[in-house]
C-alpha cells in the first residue's frame with residue numbers, strides 16, 4: 415500500500431469517475447463542515463467544490479458524465495441529493511427520503527428502509543422496500559445486479575431489470591469473520607471481471623462471480639470504503655478515517 419494522504423481529520427466515503435480521478439469526503443478542522451477532496455492522475459489532493467455542512471452524510475457515486483451525486487441530510491429530518499458537475503458546482507435534485515445510492519447508466523438508484531427503492535434521476539420509478547438496514551450498495555459492471563452490504567457477514571444480490579425493478583433476491587456471499595466473530599462490512603465495489611471487493615474490519619475481502627471469498631487483502635488500517643481509480647482504473651483506493659491509501663492491481 416502507498417500512502418496518498420495522511421493526517422485527515424476524518425475521511426470516509428470514496429469514489430472514482432471513469433477517467434480514474436478519485437474523490438473522497440473529509441471533515442475540515444472546525445468539524446462543522448466537510449469538503450470533497452479530488453485526486454487527479456499525476457496530481458496531488460485538492461478541494462473539489464465548496465464546503466458544506468450536512469447533518470448526516472450518507473453516500474456518493476459518480477455518474478457517466480463525470481458528475482458526482484451526493485446524498486446527505488442537510489437537516490435532521492430532510493435528505494438532499496445533489497449533483498456536483500465537473501467544475502465543482504452544486505445542483506440540488508428533489509428526492510424523497512433515501513439511505514444509500516448507486517449510479518446506473520441512466521439514473522441514480524437509491525434505496526431506503528422506509529420507502530423502498532427509487533430511480534430518482536432523471537426517472538422516478540419507485541420500487542418495493544426490502545430491508546430494515548440499508549448499508550451500502552454497488553452495481554455489477556453490466557448493471558444487471560445490485561450487491562448490498564447490510565452490516566453483517568452476508569452480502570445480498572438483487573437482479574436489476576431494464577425497467578428498474580428489483581427481483582430475485584439471493585444471498586450472494588458470506589464474508590469471513592474475525593476471531594471475535596465481527597466483520598463490519600463498509601463500502602464495496604466491483605472490478606471489470608465482476609469480482610466484488612468489500613471493505614471489512616480486517617481487510618478487503620474479494621469475492622468471485624460465484625460468491626466465494628477467494629482472498630483477503632490486508633490493509634494498513636481499518637478501511638471504511640473502497641474503489642478503483644487511477645490510470646485505467648487499475649489502482650485500488652481505500653479511505654481509513656485519518657488516511658487514504660492506494661495499491662496497484664494486476
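Residue numbers (this note's numbering): 415 to 664.
From the three backbone atoms N, C-alpha and C, an ideal C-beta is built for every residue, glycine too.
None of these values were measured; they are calculated from a predicted model.
- Judged by beta-carbon spacing, residue 638 lies beyond the 8 Å limit of residue 590, meaning their Cβ atoms are not closer than that value.
- Residue 659 is positioned such that its CB atom lies no closer than 8 Å to that of residue 436.
- Look at residue 646 here: in three-state DSSP terms it is helix.
- Take residue 571, set aside five residues on each side of it, and the residues of its chain with a beta-carbon closer than 6 Å to its own are 559, 561, 584 and 586, in chain order.
- Between residue 622 and the set 614, 632, 634 and 609, the nearest pair of CA atoms involves 609.
- Contact check for residue 416 against residue 661 passes: the beta carbons are separated by less than 8 Å.
- From the listed residues 434, 444, 502 and 506, the smallest Cα separation to residue 464 is found for 502.
- If you draw a straight line from the Cα of residue 468 to the Cα of residue 652, it is about 22 Å long.
- Ranked by Cα distance from residue 656, the first of 443, 649 and 432 is 443.
- A straight line joining the alpha-carbon of residue 643 with that of residue 628 spans about 22 Å.
- Using a 10 angstroms sphere on the CB of residue 460, the tally of other CB atoms stays under 16, which defines it as exposed.
- For residue 552, the secondary structure class from DSSP, reduced to helix, strand or coil, is strand.
- According to the DSSP secondary-structure assignment, residue 438 is paired through a beta bridge with 428 and 451.
- Around the beta carbon of residue 597, 16 or more other beta carbons sit within 10 angstroms, so the residue counts as buried.
- Only exposed fits residue 606, as fewer than 16 other CB atoms lie within 10 angstroms of its CB.
- DSSP, reduced to helix, strand and coil, places residue 591 outside both helices and strands of the structure shown, so it counts as coil.
- Cα atoms of residue 611 and residue 566: separation of roughly 15 Å, rounded to the nearest angstrom.
- Within a 10 Å sphere around the beta-carbon of residue 633 sit 16 or more other beta-carbons, which makes this residue buried.
- In this structure, the CA atom of residue 456 is about 18 Å from the CA atom of residue 641.
- The alpha-carbon separation between residue 581 and residue 574 amounts to approximately 7 Å.
- For residue 498, same chain residues with a beta-carbon under 6 Å away, outside a window of 5 residues either side, are 463, 482 and 504 in chain order.
- Contact between residue 554 and residue 604 holds: their C-beta atoms lie close to 6 Å from each other, under 8 Å.
- Separation of the CB atoms of residue 480 and residue 500 is rounded to 5 Å, and the pair is thereby assigned contact status at 8 Å.
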